[in-house]
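Data block below; observations after.
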Amino acid sequence: MNFLLSQRGGNADYYEIEGSEHYFDGIMTTDPLRDFYREHIPNGIAVTKTLKRFTIVVATPGDMGSKGGITVTQLETPGRYGRIEVSIDPRDEETCIYTVQTKNILSFRISPHECQSAKVIVQRQNMTSPAATFTITETTTVTWTDHMWEQNAGSQSMRRGKQLGAMDAILRSNGTFAVNAHGASTADIALQISRNLYTYFSADAVINGAAGTGNTITVAVGAQLPASQMDGFPIQVTDSGTLSVQTPLGEEYIFGEEEDVAAIFLRPGTTGAESLELVVWGSTAESAGLAARLVPTLTGVSQPDFVVLEKSSRWKGAEGAVAMGFFDERWSVASTSFFA
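Using my numbering, read the sequence shown as starting at 106 and increasing by one per residue.
Structure, rendered in structure tokens:
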């Protein structure tokens, strides 16, 4: 692109930051960008360095950094936007008041960077629940639990950090991908997935090798899918090779009894606290190849956490999906999920 601009007489500079990912914290304040700002922003414009009032709208907490000392860590209903409205009232150099209104926010982290001690008032937007008040002096996580706001009410079973987001969260791998094939004719699918990872992201992958620190992609056929490391994970393959999806309300959906189906879904990984596994499954190798087409090759495309497909999806596209949706913070099927 830089070459084409020069051919058209354009004056453009090109900078490549070696060893950096596509996006990282601080990308908007690199030295080349700061020079660009100084060149194009007129001198004399006052810049307010402290935020007094701001709004955060977030679709994927896993892709969000901090703003004004606030970081959204969990959404109440995945697949819907979360919103936080914040106002900061500095009483003096040592104390300030944060007033926070939330919508579809399950938890957020707050750091009183504008003062040494902060009084935090939190209330859910358009809700009759009373506001909660905390006094904090260090980074604190505030969570909506049991119909009230609590400080540092964490859970080891929660989906968090790099696990958050849609299906493309698998791309936040902490190292080389492991691609494992289980079943006849799945090795070719695993190889194609590995090639795509390298083509689109220059990402290394090991096929049927020892697990490292990165995320895992598992390709399996029928009942040969290894069990999840999480007890009670809502998507299971039965001994007869059908696919079972259970909702928190106790409803069970069985797919693959009458015709071949395919599925692709996330589940907790085994290589770290925030690792992920992406399962590419089919009743047969042919249907598993159909699911493999949905392995993310772009970031930010908002694919759901799980998709179940019939053969008709070859020509119907998304209309051929018989189930799709998201997992909540405890890896349960979210209430917004769709079942045909």
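We treat Cβ as the ideally placed atom computed from N, Cα and C, and that holds for glycine.
Segment limits, beta strand (DSSP E) that includes residue i
{"i": "Glu255", "result": "Met253 to Gln256"}
{"i": "Ser349", "result": "Leu348 to Gln351"}
{"i": "Ile241", "result": "Ala237 to Ile241"}
{"i": "Arg229", "result": "Ser222 to Arg229"}
{"i": "Gly387", "result": "Leu381 to Gly387"}
{"i": "Tyr203", "result": "Thr200 to Lys208"}
{"i": "Asn313", "result": "Looking at the DSSP string, Asn313 is not in any beta strand (DSSP E), and its letter there is neither H nor E."}
{"i": "Trp249", "result": "Thr245 to Thr250"}
{"i": "Leu109", "result": "Leu109 -> not in any beta strand (DSSP E); alpha helix (DSSP H) instead, spanning Asn107 to Gln112."}
{"i": "Leu59", "result": "The question about residue 59 has no answer, for the chain in this structure spans 106 to 445."}
{"i": "Ala283", "result": "Phe282 to His287"}
Residue i - containing alpha helix (DSSP H), residue span
{"i": "Tyr142", "result": "Asp136 to His145"}
{"i": "Glu123", "result": "Where Glu123 is concerned, there is no enclosing alpha helix (DSSP H), given that its DSSP letter is neither H nor E."}
{"i": "Ile294", "result": "Ala292 to Phe306"}
{"i": "Arg419", "result": "Ser418 to Lys421"}
{"i": "Ala325", "result": "Careful: Ala325 lies outside any alpha helix (DSSP H), inside the beta strand (DSSP E) at Thr321 to Val326."}
{"i": "Glu391", "result": "Ala390 to Ala397"}
Nearest candidate by alpha-carbon position, reference residue i, set the options
{"i": "Ser372", "options": "Arg264, Gln228 and Ala236", "result": "Reading off the sequence, residue 372 comes out as Arg, not Ser. Closest by alpha carbon: Arg264."}
{"i": "Ser299", "options": "Ile322, Ser278, Phe239 and His287", "result": "Ile322"}
{"i": "Glu181", "options": "Val324, Gly173, Ile210 and Lys172", "result": "Ile210"}
{"i": "Met253", "options": "Ala271, Arg196 and Ile226", "result": "Ile226"}
{"i": "Thr304", "options": "Ala428, Thr402 and Ala258", "result": "Thr402"}
{"i": "Gln179", "options": "Val191, Ser222, Thr207 and Asp197", "result": "Thr207"}
{"i": "Val438", "options": "Gln268, Leu354, Asp273 and Arg185", "result": "Leu354"}
{"i": "Glu391", "options": "Thr352, Glu357, Val366 and Phe370", "result": "Val366"}
{"i": "Val91", "options": "Asp433, Trp386 and Thr246", "result": "A question about residue 91 goes unanswered here, because the residues of the chain that appear run from 106 up to 445."}
{"i": "Glu190", "options": "Ala117, Asn231, Glu199 and Lys416", "result": "Asn231"}
{"i": "Val205", "options": "Glu199, Arg196, Glu198 and Ala223", "result": "Ala223"}
{"i": "Ala423", "options": "Gly337, Glu434, Met133 and Phe443", "result": "Phe443"}
{"i": "Ser278", "options": "Trp249, Thr246 and Thr318", "result": "Thr318"}
{"i": "Gly124", "options": "Glu198, Thr246 and Phe306", "result": "Phe306"}
{"i": "Met335", "options": "Ser380, Glu356, Tyr358 and Glu126", "result": "Ser380"}
{"i": "Thr352", "options": "Gly288, Ser290, Arg435 and Met272", "result": "Arg435"}
{"i": "Thr281", "options": "Val311, Glu255 and Met272", "result": "Val311"}
{"i": "Ser345", "options": "Leu109, Gly337 and Ala328", "result": "Ala328"}
{"i": "Glu362", "options": "Glu415, Leu399 and His145", "result": "Glu415"}
{"i": "Gly173", "options": "Pro235, Phe370, Ser418 and His218", "result": "His218"}
Nearest-angstrom Cα separation, counted from residue j out to residue i
{"i": "Leu276", "j": "Ile122", "result": "20 Å"}
{"i": "Tyr128", "j": "Ile340", "result": "32 Å"}
{"i": "Asp309", "j": "Gly377", "result": "18 Å"}
{"i": "Ala237", "j": "Gln228", "result": "7 Å"}
{"i": "Cys220", "j": "Asn107", "result": "44 Å"}
{"i": "Asp130", "j": "Ala445", "result": "40 Å"}
{"i": "Leu302", "j": "Thr233", "result": "48 Å"}
{"i": "Trp420", "j": "Thr389", "result": "19 Å"}
{"i": "Leu330", "j": "Thr347", "result": "11 Å"}
{"i": "Gly270", "j": "Phe159", "result": "23 Å"}
{"i": "Phe141", "j": "Gly115", "result": "16 Å"}
{"i": "Ile241", "j": "Val177", "result": "17 Å"}
{"i": "Ile175", "j": "Gly288", "result": "46 Å"}
{"i": "Thr248", "j": "Asp168", "result": "19 Å"}
{"i": "Asp118", "j": "Ser111", "result": "10 Å"}
{"i": "Thr246", "j": "Glu199", "result": "21 Å"}
{"i": "Ser440", "j": "Glu356", "result": "12 Å"}
{"i": "Asp197", "j": "Ser212", "result": "28 Å"}
CB contact flag (residue i, residue j, <9 Å)
{"i": "Ala368", "j": "Val384", "result": "yes"}
{"i": "Ala295", "j": "Ala316", "result": "no"}
{"i": "Arg214", "j": "Thr165", "result": "no"}
{"i": "Gly394", "j": "Asp410", "result": "no"}
{"i": "Val342", "j": "Ala428", "result": "no"}
{"i": "Lys157", "j": "Ile202", "result": "no"}
{"i": "Glu364", "j": "Thr375", "result": "no"}
{"i": "Arg185", "j": "Val162", "result": "no"}
{"i": "Ala325", "j": "Ala286", "result": "yes"}
{"i": "Ala274", "j": "Lys267", "result": "yes"}
{"i": "Ala292", "j": "Asn313", "result": "yes"}
{"i": "Ser216", "j": "Ser290", "result": "no"}
{"i": "Asp433", "j": "Pro183", "result": "yes"}
{"i": "Pro137", "j": "Tyr120", "result": "yes"}
{"i": "Met272", "j": "Leu109", "result": "no"}
Residues bridged to residue i [DSSP beta-bridge criterion]
{"i": "Tyr358", "result": "Val350"}
{"i": "Met429", "result": "Val412 and Phe443"}
{"i": "Lys267", "result": "For Lys267, which the question treats as bridged, DSSP gives no partner whatsoever."}
{"i": "Gly187", "result": "Val163"}
{"i": "Gln447", "result": "Because the chain in this structure spans residues 106 to 445, residue 447 falls outside the shown range and cannot be described."}
{"i": "Lys172", "result": "Ile175"}
{"i": "Pro195", "result": "Cys201"}
{"i": "Ser212", "result": "Gln179 and Thr248"}
Distance cut-off 8 Å: residue i Cβ against heavy atoms of the ligand NAP
{"i": "Gly114", "result": "Inclusion of the ligand NAP in the displayed structure is not the case, the ligand content being empty and no account of it being possible."}
Any C-beta of chain D under 9 Å from that of residue i
{"i": "Met232", "result": "The chain labelled as chain D is not found in the depicted structure, where only one protein chain is given."}
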